[in-house]
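> Quick one: this structure, given as C-alpha cells, is what I'll be asking you about.
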Amino acid sequence: LPIEKDLPDRPAKDSPANGGEFRVIGVPRRRVDARAKVTGQTRFADDIFLPRMAHCKLLRSPHPHARIRKIDASRALAHPGVYLVLTGKDLPIEYGILPVSQDEQALCLDHVRHVGDPVAAVIAREELIAFEALDLIDVDYEILATISDPEEALATPEPRIHEYGEEGNIHKRVALEFGDVEKSFAEADEIFEDTFFYQGSTHLPIEQHAAVAIKDPEGKLTIWSSTQTPHYLHRALAKVLQMPAAHIRVSATPNGGGFGGKSDPFNHEIVVAKAALLLDRPVKICLTREEVFYCHRGRHPVLMKFKTGVKKDGTITGMHLQTLIDGGGYGSYGVASTFYTGALQTTTYHIPRYCFQGCRTFTNKPPCGPKRGHGTVQPRFGQEVQLDKIAEKLKIDPAELRLRIVEAPNTLTANYLRLSTVNLSECIRRVVKVSGWKEKFRRLPEGRGVGLACSAYLTGAGLPIYWNKMPQSGVQLKLDRGGGVTIFCGATEIGQGSDDVLASIVAEVLGINTFDIRLFTGDTDLGPVDLGSYSSRVTIMAGNAALQAAERAKELLAEAVAIRLEVPKERLRFADKHVFDSTAPEKRVPFHEAVCLAEARFGTIGTVGSYTPPKSPALYKGGGVGPSPTYSYTAAIVEVAVNSVTGWITVPKIWIAHDIGRALNPPLVRGQVEGSVYMGLGEALMEEQEFRRLPKKLSHALVHKFPSMLEYKSPTSLDMPDVVTVLVEEPDPRGPFGAKEVGQGPLLPIMPAVANAVYDAVGVRIDEVPITPEKIMKALAEKKAGRDPRYGPSHFPHVDWPEALRVPPPWEGGDGNAVNDVPRHSKPRPEKEKVLSS
Amino acid sequence: MMRLPLFEFRAPRTLEEAVRILDGQGPNTMPLAGGTDLLPNMKRRQQVPRTLMSLRHVEGLRQIQLGESGSRLGACLTLTDIAEDHRFRNGLTALSQAAAQVATPHIRNMATLGGNLCLDTRCNYYDQNYEWRKAINFCLKKDGTTCWVAPGSSKCVAVSSTDTAPALIALGARVRLVSRSGEREVALADLYNKDGINYIKRRPDEILVEVLLNSLHGWKSTYWKLRRRGSFDFPVLSVAAAARLSSKGVVEDARIVIGSASSRPLVAGDAAKSLLGRSLNPETIAEAAALAARIAKPLDNTDFDMTWRKRVTAEFVTYALRELRGDDMRSERESITRYHFE
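Here the protein sequences line up with chains Y and A, keeping their order. So for the first sequence, the working numbering puts the first residue at 1; every next one is plus one. So for the second sequence, the working numbering puts the first residue at 839; every next one is plus one.
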C-alpha cells in the first residue's frame, strides 16, 4: 500500500475534498448517535444485564481519616446470597492516573483518607443483599486528626495523609519565572493586587458511574465501563491485576455525561474486574449518586493572588500569580492541575514577564481532579475580574482594554506556548455588537448590569499522561464491497459528539453520507489507541487521524477509478456517493463500485491514520502542561439583575462568541457552547462541593455537606437564560478542516463575566464564586457603611516556595530552558517528565 | 440513593378497609399517597415501614366541592389537580400558587394535597442516605442522640417544608382525620407541633381525608416562596397572607403565616392584628413585616445562610402584602420564581 508521510499542516481550503466545497462539514446534520439516544436505545453500562450476573457494593469509610486496624468479614460472608468479600489485601498494588501519583488502592489496605474511601467490597446475588451485608463487615479503625483545607494542611504536617509529596501535607509546589517580574512592576504605572477564591464543584453527570466485568470463555477479562479514558483504565487494570494487557479488553460504554469526572481509573472498576475473575461470573456495579460525589475528581478549590503591573494605556508589564490548591485525599490529575492553574494566563493577552507559584495540598476530602476547563478556570476568573478593575481604574472600557492587549496569532508566549490562530478580537467585537454593550455598560438602571470576560483553552493537551513517542490517536478504516465504511478508533463518545466528528470527516473525504458509516469506538480490542475524551483533544487528534486514514483510502480508490474511467486521478472528485470526473461529472462510478475496483487492484481495502501533536518549545521542567496544537478563544457578555435589598440575583441573558476555527456540525458546536454556559452559570451562582465539620469535641466527622442532586444546587432549565451564540470561523491550519475545540473553552468566561456584571449592576465586587445573594448582601452592607464594597478572601497564607525555575522569555534571549536547571533540549526525560497534561 | 427496602403492599378500596388496616399497627404501617416524600425517605432508610398501604384506590378522596358557603378538598387530589384548576383563584390563590411551586411537574403529578400537609420535616443532617448519617453517628431525629443543628437542644429542630400548609392556614383551613375509632376535625394551624420528630398531631392510625374551608368571599390571598432554583427545591422560607378588605381598602380581617422557618408553620398573629382597621400602605406594611419577621428564627439546617433567610423575611412579607394591596408584583415574582407565573 502506498503510505504517505505524516500529513503536513494544510489549510482546510486546500483540502482536496470536493474542491473546497463541503457536503458534510459545516452542514447542520443529525448526529450519528442521535436516534439511539432520543429513542432510549443507547445501551449505557447500567443497562447491561448478563446471565448469572452478580452485584457489587462497596463498604466505604465513615471516617474522614483513620488507620484500619482490622477487618472481619466473616459475618458478611455467612450472609445468604453473598458470593465474595474483597478487602485491600486482595488488591494491594497502587495505581493512579499520573505516573507520579500512584497513590490509590482499589480498596484501602490500612489507611482511609476521606469519608467514602472504599475499604471492602461485597459481591452478592442481588444488589440489596450486597447492601445489607455491608453492615455485617466489622472494621476496627484508629481515628486520626483531619485536615479540612489547604491553610490547615500547611499548618499541620502531621499526621500525613500520604507518605509522599513535597513535605507534610503538601503534595506539590511549583515555581516558574519567565523574566524579571519585579523589574516589570517597577516599569508599571499602576500595580494591582487582588486575592480571589474559587470554590470547588463537581461534574454532576446524569449517568452515575457503572461497570460490568466478565471473565470471557477464553479466560480473558472484559470490562464495560462508563469511562472517558478506556486506554488509561486498560493500563491501570494490567498493573493492579498483574495480567498481560493483551488479556484485558476495556470497552467504554457511551457516557451519560463525563465532564472530566470519568477520566481516572476508578476503584470500583478494578474491584468488579477482580471479582469477575475470581467468581467466573459477570459482576456489575452501579454507583449511587452519593458515591459519585465521593469519586469526585472535580474542580479544585483555589485561593489565588494576582499582582499585575500595567501602563496607563492598559498594556500589561508583568504578572505574578500565586495559587493555593485544595487537592482532597489523593493525587489524581492534581500535579497537572497545579501547573494548569498557571499555564494559560499568557494565551489571551500579551504578558511580557510572568511568574507563577502554585501549591497543592492534601485534605481529608474526596480527591479533586479535572473538571471542564481543568485548572485554568479558577485563575481565569481572577484574571478577568482583575482586568475589569484595571479597566475601571484606568477609565478604559473593558472591551476596548482587552482589544488593545489581545495576544497576536502565531506567537510564542512568555512561557513558550505556541499560539496558532487567535480570533479573540473578533470574538470581542462580535459579542459587543450583538449584545448592545456600548448602550448598556454603566448605563443600565441601578440593579441591572452587564459584564464582559474572555478566555482561551487548549485544543488537546500536547503531551500524553505517560511519556511515550507514539501517536496520541489512531484510526483504522475498513471499506467493504457494499460501499460501507467502518471506523475503528479508541476515541470515546461521552455525549460530546466525537463519533459524529469521526464520521463527518470520513464522509466528507470519501463523498458519502455519515449514516453509511459504522463506528466502533472506545474499545481497546476493536480499535487503535486514542488517549481518551479529555483536554478537548478528540476533534483535533482523532479527527486528524481519521482525515489521514480517509485520505489514504481515497487515494487507493482514486487510483483504481482513474484507470477504469481513463482520466487522471487528480481530476476525480468524491461526492454524493460517487467518484466522478470533475470536468465531466457524468463520467462516474458509484462509491461501492469504486471500492470493488480498488479491492480488485490492491486487495482488501483498509487504511490507518494517526496523529501526533507538534513538539513544544517549552523545554523547562513543567513545560509539558499547557502546550497544545492550537487554542480556542471565547468572549462572553452576561447581563444580571440584582435586588439591592436582598442581593437576589438573576441572569436574564448571555451573549457568547467562540473562535471555533470551523464548526464541523454547527448544532453540536452550539450545543457545546450552551452546555458550557450552563455549567459555568452553575459554578458562578450556586454550585459548591462543600464540606461540613461537626463540632470537634463531639465528632470527627468531616462530611460532604449534601451529596445529593436535590441539595447540591445545579441550575434547572428554568434558571437558564437565553443564550445568543456567535461562532467565529477562521479555519485553523492545525485542525481537521480547520476545527478547534469547543467542549471546554466557552465555560471559562461565564463566571468572571457574572462577577463583573454584578459590579456594573450594584457596585460591589464579589471576588469569589459562587456569587450568592448572601455574599452580595454582605458586600452591599459594606458599601452602605462606606467600607470596601467587596466580598472575598482577605489574605493569602505564607507558603515556603521553592526557588523558581528561571526561563527567560523568547524576547529576552531564552531558548525554552531554565537557566538554573540542566538544559533539557528537545527531548523530555522519561523518568522526570511524567507530569503531563490532562 | 439506595434501592427501596422490601415491604408489604396493601391497596384497600374503601376508607373502612383502610382504617382497619392501620388500626393498632403504629408506624409499622404507613399510608402511601403520591409517595414522592415517603419513597425517597425509605430509600435513605429514614423510614422503614413493614407495610405500605396505598390510598390510590380508596373511594372519595379525590373530590372537589367548591361553594359559596365553603369548600371541601379531597386529600388525594394531586398538586397538579389543584395548580391547574382555574377555580382555585381569588380567595384560594395562595393555595394554587403554593401547589404550583412544589418540586417539579412530574412530582406534582403524583404528589397529593394530604401528602404535602403531612410532609416529613426536613434537615440537612437528616435528609441524607444511611451511610452519610452513619458517618456523623446519626442525629436526634433518627437513630442518634445529638441534634447537630443545635447540639444543646433536647428537641429536634427539623424544618416544616410543606408549601400548602402555610397557604391553607392563612385561608383558615381545617382537616378531617378518620380512624377506626372515629373521626375528628382539627384546625390546620393546630395540626402541627413545634417538634421536628413529633411534628404532626395525626396519629399513625388516622388518615387525613379532606381539607375543609369556610367561605372566602371577599378574601384575597397570596403565597411567596423562597428557594434557590426555579424548580425542584423545597421552600426555605415562605410567606402566605390572606386578607379581607373593605371597599375602601381597610383591612377587616387578615392572616399571615411564615413557613419553613421552624418545625411548624408560624402564624404571625401580631403582624396580622396590626393591620386590622387600617389600610395597606407603606407604613402599615412595614410595621406588619417587621412584626412578622420577628417570629421567624431560621436555623442552619436548610439551603442558604440562616442569617440571610432571617433578613429577607420582612422583605417577603412586604411582597405578599403589597400584592394583596393590588400592587403589580409580577416582576418581583418572576425574578424569585425564575419563570413567568400566571
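Glycine included, every Cβ here is placed at the ideal spot set by N, Cα and C.
Contact criterion: CB-CB distance below 7 Å. Does Ser999 (chain A) meet it with respect to chain Y?
Locating residue 999 (chain A) in the second sequence gives position 161, where the first residue counts as 1. No - not a single Cβ of chain Y is within 7 Å of the one on Ser999 (chain A).
> Which residues in chain A have a C-beta closer than 9 Å to the C-beta of Ser699 (chain Y)? List them in chain order.
As a working mapping, residue 699 (chain Y) is identified with position 699 in the first sequence. Near Ser699 (chain Y) (Cβ distances below 9 Å), the residues of chain A are Ile974, Asn975, Thr984 and Trp986.
> With distances taken from CA atoms, which of A:Gln903, A:Ser934, A:Met948 and A:Ala938 is nearest Leu877 (chain A)?
Within the second sequence, residue 877 (chain A) is the residue found at index 39, counting from 1. If we check each option's Cα against that of Leu877 (chain A), A:Met948 comes out closest.
> Taking only heavy atoms of the ligand ZN into account, decide whether any of them is closer than 6 Å to the Cβ of Ser991 (chain A).
No copy of the ligand ZN appears in this structure; indeed no ligand is present at all.
> Arg281 (chain Y) to Arg894 (chain A), Cα distance in whole Å?
Residue mapping note: residue 281 (chain Y) aligns to position 281 of the first sequence, counting from 1. Residue mapping note: residue 894 (chain A) aligns to position 56 of the second sequence, counting from 1. Using only the alpha carbons, I get a separation of about 42 Å.
> Assuming the contact rule is C-beta atoms closer than 8 Å, Leu1129 (chain A) and Ser1112 (chain A) should be a hit. Round their C-beta distance to whole Å, please.
Mapped onto the second sequence, residue 1129 (chain A) falls at position 291. Mapped onto the second sequence, residue 1112 (chain A) falls at position 274. The pair is a contact, with the Cβ atoms about 6 Å apart (cut-off 8 Å).
> Per DSSP, what are the beta-bridge partners of Pro590 (chain Y) in this structure?
Stepping through the first sequence from its first residue, residue 590 (chain Y) is reached at position 590. Answer is Y:His578.
> Our contact map puts Gly532 (chain Y) next to His231 (chain Y) with C-beta atoms below 8 Å; I'd like the distance itself, whole angstroms only.
Mapped onto the first sequence, residue 532 (chain Y) falls at position 532. Mapped onto the first sequence, residue 231 (chain Y) falls at position 231. Yes, Gly532 (chain Y) and His231 (chain Y) are in contact; Cβ-Cβ is about 6 Å, under 8 Å.
> Could you say if the segment 642–659 of chain Y and the segment 768–781 of chain Y meet the contact criterion of at least three C-beta pairs nearer than 8 Å?
Yes, they touch.
> Am I right that Glu741 (chain Y) and Thr539 (chain Y) are in contact with their C-beta atoms under 8 Å? What's the rounded C-beta distance?
Translated into the one-based positions of the first sequence, residue 741 (chain Y) becomes position 741. Translated into the one-based positions of the first sequence, residue 539 (chain Y) becomes position 539. The pair is a contact, with the Cβ atoms about 6 Å apart (cut-off 8 Å).
> Kindly list, in the order they appear in chain Y, the residues whose Cβ is closer than 8 Å to that of Trp1062 (chain A).
Walking along the second sequence from the start, residue 1062 (chain A) turns up at place 224. Here the premise fails: no neighbours, minimum Cβ distance about 12 Å.
> With 7 Å as the threshold, decide whether the Cβ of Asp719 (chain Y) is near any Cβ in chain A.
One-based indexing of the first sequence puts residue 719 (chain Y) at position 719. By this cut-off, Asp719 (chain Y) is an interface position.
> Quick check: is the beta carbon of Arg1067 (chain A) nearer than 7 Å to any beta carbon in chain Y?
Indexing the second sequence from 1 puts residue 1067 (chain A) at position 229. Yes, because at least one Cβ of chain Y sits closer than 7 Å to the Cβ of Arg1067 (chain A).
> Note down the Cα distance separating Thr524 (chain Y) from Ala153 (chain Y), rounded to an integer number of angstroms.
Counted from its first residue, the first sequence places residue 524 (chain Y) at position 524. Counted from its first residue, the first sequence places residue 153 (chain Y) at position 153. Approximately 40 Å, taken between the alpha carbons.
> Please say whether Ala921 (chain A) and Glu1048 (chain A) have beta carbons closer to each other than 7 Å?
Along the second sequence, one-based indexing puts residue 1048 (chain A) at 210. Along the second sequence, one-based indexing puts residue 921 (chain A) at 83. Against a cut-off of 7 Å, the Cβ pair of Ala921 (chain A) and Glu1048 (chain A) comes out as no contact.
> Using only CA atoms, which one of Y:Pro118, Y:Phe362, Y:Ile147 and Y:Ile137 lies nearest to Tyr164 (chain Y)?
Within the first sequence, residue 164 (chain Y) is the residue found at index 164, counting from 1. That would be Y:Phe362, whose Cα lies nearest to the Cα of Tyr164 (chain Y).
> Could you tell me whether the segment 481–495 of chain Y touches the segment 507–522 of chain Y, where touching means 3 or more Cβ pairs closer than 8 Å?
Touching, per the Cβ criterion.
> What number of angstroms, rounded off, separates the C-alpha of Asp981 (chain A) from the C-alpha of Gly318 (chain Y)?
Here the question's residue 981 (chain A) lines up with position 143 in the second sequence. Here the question's residue 318 (chain Y) lines up with position 318 in the first sequence. Straight-line Cα distance between these residues: approximately 59 Å.
> Measure from the alpha carbon of Gln548 (chain Y) to the alpha carbon of each residue in Y:Ser498, Y:Tyr611, Y:Asp326 and Y:Phe515, then state which is nearest.
To locate residue 548 (chain Y), count along the first sequence from 1; it is residue 548. Here the closest residue by C-alpha is Y:Tyr611.
> Just the C-alpha distance for Thr716 (chain Y) and Ala1003 (chain A), rounded to the nearest angstrom, thanks.
What you label residue 716 (chain Y) is simply residue 716 of the first sequence in a count that begins at 1. What you label residue 1003 (chain A) is simply residue 165 of the second sequence in a count that begins at 1. Cα-Cα distance, rounded: 25 Å.
> Against Asn962 (chain A), what residues of chain Y qualify as contacts under a CB-to-CB distance less than 9 Å, listed in chain order?
Translated into the one-based positions of the second sequence, residue 962 (chain A) becomes position 124. Simply Arg692, Lys705, Phe706 and Glu711.
> Cα separation between Arg299 (chain Y) and Gln935 (chain A)?
Translated into the one-based positions of the first sequence, residue 299 (chain Y) becomes position 299. Translated into the one-based positions of the second sequence, residue 935 (chain A) becomes position 97. Rounded to the nearest angstrom, the two C-alpha atoms are 38 Å apart.
> Could you tell me whether any Cβ in chain Y is nearer than 7 Å to the Cβ of Ser1173 (chain A)?
By 1-based counting over the second sequence, the position of residue 1173 (chain A) is 335. Chain Y contact via Cβ: present.
> Please confirm whether Glu847 (chain Y) has its beta-carbon closer than 7 Å to some beta-carbon of chain A.
Residue coverage of chain Y in this structure runs from 1 to 838, which leaves residue 847 (chain Y) outside it and unanswerable.
> Around the Cβ of Lys621 (chain Y), are there at least 16 other Cβ atoms within 10 angstroms (buried) or fewer (exposed)?
Locating residue 621 (chain Y) in the first sequence gives position 621, counting from the first residue. By the 10 Å Cβ count, Lys621 (chain Y) comes out buried.
> Between the C-alpha atoms of Tyr333 (chain Y) and Cys368 (chain Y), what's the straight-line distance to the nearest angstrom?
One-based indexing of the first sequence puts residue 333 (chain Y) at position 333. One-based indexing of the first sequence puts residue 368 (chain Y) at position 368. Distance between the alpha carbons of Tyr333 (chain Y) and Cys368 (chain Y): 8 Å.
> What number of angstroms, rounded off, separates the C-alpha of Gly1056 (chain A) from the C-alpha of Asn967 (chain A)?
Taking the second sequence and counting its residues from 1, one reaches residue 1056 (chain A) at position 218. Taking the second sequence and counting its residues from 1, one reaches residue 967 (chain A) at position 129. So the alpha carbons of these two residues sit roughly 47 Å apart.
> Taking CB distances under 7 Å as the criterion, tell me whether Val115 (chain Y) reaches chain A.
Within the first sequence, the letter at position 115 stands for residue 115 (chain Y). So, interface residue.
> I'd like to know whether the C-beta of Glu1153 (chain A) is nearer than 7 Å to at least one C-beta of chain Y.
In the second sequence, residue 1153 (chain A) corresponds to position 315, counting from 1. Glu1153 (chain A) counts as touching chain Y.
> Classify Ser1169 (chain A): buried if its beta carbon has 16 or more other beta carbons within 10 angstroms, exposed otherwise.
Taking the first residue of the second sequence as position 1, residue 1169 (chain A) is located at position 331. Ser1169 (chain A) is exposed by the Cβ-count criterion.
> Is Leu836 (chain Y) helix, strand or coil by DSSP?
Sequence index remark: in the first sequence, residue 836 (chain Y) carries index 836 (1-based). In this prediction, Leu836 (chain Y) scores a pLDDT of 44, lower than 50, which makes its location untrustworthy; the coordinate-derived value is nonetheless stated afterwards. If DSSP states are grouped into helix, strand and coil, Leu836 (chain Y) belongs with coil.
> Please compile the residues from chain Y whose C-beta is within a distance smaller than 9 Å of the C-beta of Asn954 (chain A).
Within the second sequence, numbered from 1, the residue matching residue 954 (chain A) stands at position 116. Those within 9 Å of Asn954 (chain A) in chain Y number zero; the least Cβ separation is about 16 Å.
> So, at 8 Å on beta carbons, what are the nonlocal neighbours of Gln41 (chain Y) in its own chain, with the 5 sequence-adjacent residues on each side left out?
Counted from its first residue, the first sequence places residue 41 (chain Y) at position 41. Here the set comprises Arg35.
> Leaving out five residues on either side along the sequence, give the residues of the same chain with a beta carbon under 8 Å from the beta carbon of Arg481 (chain Y).
Counted from its first residue, the first sequence places residue 481 (chain Y) at position 481. The residues are His592, Val595, Cys596 and Glu599.
> Which residues does DSSP list as the beta-bridge partners of Asn1052 (chain A)?
The residue you call residue 1052 (chain A) lines up with position 214 of the second sequence. BP columns for Asn1052 (chain A) point to A:Gly908.
> Tell me which same chain residues have a C-beta within less than 6 Å of the C-beta of Lys1032 (chain A), skipping the five on either side of it?
In the second sequence, residue 1032 (chain A) corresponds to position 194, counting from 1. Ser1101 and Arg1102.
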